[in-house]
Amino acid sequence: MIVSHKYGFIFIKTAKTAGTSIEVYLSQFCGPEDIVTPIIPQVEPHRPRNHEAGGFYNHMTALELRCRLAPEIWSGYYKFCVERNPWDKTLSHYHMLRVRAGGALSLEEYFRNRHFCVNYGLYMDEAGGRMVDRVLRYENLEGELGEVLNQLGVPYAGHLPVRAKSEFRLDRRDYREVFLPEQRDEIAGIFSKEIALWGYRY
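Quick note: the sequence shown, position 90, residue 676 per this note's numbering, numbers continuous.
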């Protein structure tokens, strides 16, 4: 999560949407007074700053941030995050947890554990209202991120030089080749709000 007073933006970090890669990139341009939350484990050249006093942390919700920031900052800064096709995101999330479990986590166990990567509550309020100015699509990330950063005046060469956490997913099959019909349908139910909001399809 980043609050940049230098450039006037708030980046809400969602899960499994290249959020770490974006944070690493943006932190290089942030000013000394900006708020940049830590990444664990540390990814170079990311440098956290000014997060402890306000209790800011990595995956804070927009609601939490609105409560902790001055009203003029919340209302005046440009707020953005990233969302991703839920089937693709779920498969990526599974591979990350499998690696962290030493390779011992099967896809069936993952579904039984029901630790799904739902981001909806990070950028929407309790009434279903969007709390950010723009939700970038992971599927078109570099182009859409470029539009936002150009608007904000943040230097951007058209791509993210760091692809953090991409090493977790060695099996690059499309999610349609992996999920069973019942798994496909379970994801559709769990992510029904995101699917309805953004029009994702299997």
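All C-beta atoms in this analysis are idealised placements derived from N, C-alpha and C, irrespective of residue type, glycine included.
Using a 10 Å radius around the Cβ and a threshold of 16 neighbouring Cβ atoms, would you call A601 buried or exposed? Counting of Cβ neighbours within 10 angstroms places A601 among the buried residues, the total reaching 16 or more.
Determine the closest residue to M646 out of M587, W660, S692 and N699, with distance taken between C-alpha atoms. The candidate whose alpha carbon is nearest that of M646 is M587.
C-beta atoms of L738 and F595 nearer than 8 Å: Contact flag set, yes.
On the criterion of 16 or more Cβ atoms from any shown chain inside 10 Å, does D771 qualify as buried, or is it exposed? Label assigned to D771: exposed.
Between the region 682-700 and the region 610-617, are three or more C-beta pairs nearer than 8 Å? Contact between the region 682-700 and the region 610-617 is absent, because fewer than three Cβ pairs lie under 8 Å.
Below 8 Å on the Cβ atoms is my guess for A648 versus K665; work out the distance and round it to an integer in Å. Yes, A648 and K665 are in contact; Cβ-Cβ is about 7 Å, under 8 Å.
Considering only DSSP beta bridges, list what M710 is partnered with. Per the DSSP secondary-structure output, M710 pairs in a beta bridge with R716.
Would the region 667-686 and the region 715-733 be scored as touching if the rule is three or more Cβ pairs under 8 Å? Taking a contact to require three or more Cβ pairs closer than 8 Å, the region 667-686 and the region 715-733 qualify as touching.
Opposite V685 in the DSSP bridges: which residues? Note: V685 sits in no beta bridge, so no partner.
Could you check the C-alpha separation between H701 and S661 for me, to the nearest Å? When rounded, the distance between both Cα atoms is 33 Å.
Look up S692 in the DSSP assignment and say whether it is helix, strand or coil. Of the three classes helix, strand and coil, the one that applies to S692 here is coil, per DSSP.
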